[in-house]
Amino acid sequence: MKKDERFCVWGYILDKVPGKAMFVNGLTQCSLETAVDYLGCGCAFWMNPLHDLDALNENQLNRLDGIPSIICGLTHIETNGPGLGGWELFYKEAAARVSELSLKYPAIKGALIDDFRSETGPSRDITPAELHEINAALKSKNPALKLYIVQYYTLQNPADLLPYRDDFDGISVWNWVPTDYFWDALYADELRRLREMFPDKVLNQGQFMHDFGGGNRPMPMKYLRLQCSKILSQLEAGTLDGWCVIQSGYFCREYHRRQAEYLRNFWNWIRQTRTIL
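Residues 96 to 372 in the numbering used here are what the sequence shown spells out, letter by letter.
See the structure below:
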């Protein structure tokens with residue numbers, strides 16, 4: 096069965112097992128390619144290059160062999176250390192490398208700027224002219240590549256993206272703090288507004304299996320179930336183009352087992368019960 100590229104995992108390739116993945120406490124035994132295989136998806140959001148320009152290499156990409164679609168994180172580095180600021184942006188340099196690598200690795204379909212223009216993020220002051228240069232570098236060797244940016248519901252105003260709209264192709268959109276009120280009362284309208292404002296962009300819904308924003312814990316199952324139901328309705332309505340779960344390093348943790356198993360079962364149920372003529 097062809098792997099469905101609408102379903103994605105966000106995470107990190109491990110150089111050794113057990114090993115360290117960014118934003119996962121302690122060590123993990125689950126590398127990105129393992130998580131993609133576990134969920135049976137066709138897309139990997141590969142984030143090692145997000146923190147290290149030299150991670151854009153063939154050794155890493157060979158680990159993702161067989162995955163039909165790869166989105167590469169573009170590099171920003173906190174020179175003062177994690178959480179201490181001093182950001183240096185290497186988006187243009189990383190985009191040029193991604194473009195070159197895509198000629199040998201056709202599974203590379205695009206690149207992503209994480210936390211695009213978030214209030215305290217590394218790219219908060221980026222200008223439309225700078226994004227244009229990054230987009231041009233990404234498409235320099237392969238015009239088919241897509242540039243994605245990360246946005247957060249309620250924390251950011253999608254209208255602020257209008258000056259940048261000619262130089263990104265997709266939006267990876269997330270809800271930082273899960274609440275019943277957001278998913279029941281706000282989600283559909285927030286997404287509709289985004290789709291109406293950017294009808295020509297790819298919209299990929301992000302989902303946390305670890306609750307980074309609401310308590311740094313496994314995502315409570317009541318929220319995970321609610322999110323899956325709401326996201327599916329938007330995917331089937333055609334408002335969404337894809338669905339990405341973050342992140343691979345937690346898949347092997349026993350206290351995330353229910354979340355990982357639920358997502359796998361839910362995604363398999365979707366893929367195996369919808370007839371495509």
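Ideal Cβ placement from N, Cα and C applies to all residues, glycine included.
Ranked by Cα distance from R192, the options W182, E183, I203 are led by I203. For N154, the enclosing alpha helix (DSSP H) begins and ends at 153-158.
Bridge partners of T129 according to DSSP: none are assigned. Under the three-pair Cβ rule at 8 Å, the segment 97-106 counts as touching the segment 124-138. Taking a contact as a CB-CB distance under 8 Å, the pair E285 and Y248 counts as one, their CB atoms being some 5 Å apart.
Cβ neighbours of D210 within its own chain (closer than 6 Å, five residues either side excluded): G216, V245. Distance check between W141 and each of R260, P163, G121 places P163 closest, using alpha-carbon atoms only. The shortest C-alpha to C-alpha distance from N230 to any of E153, E331, G265, N252 is the one to G265. As the crow flies, the alpha-carbon of L319 is around 15 Å from that of F346.
If you check the CB distance, G309 and V272 come in under 8 Å. Boundaries of the alpha helix (DSSP H) around R287: 282-292. According to the DSSP assignment, F140 belongs to the beta strand (DSSP E) that extends over 136-141. Counting along the chain, the unbroken beta strand (DSSP E) around N299 starts and ends at 297-303.
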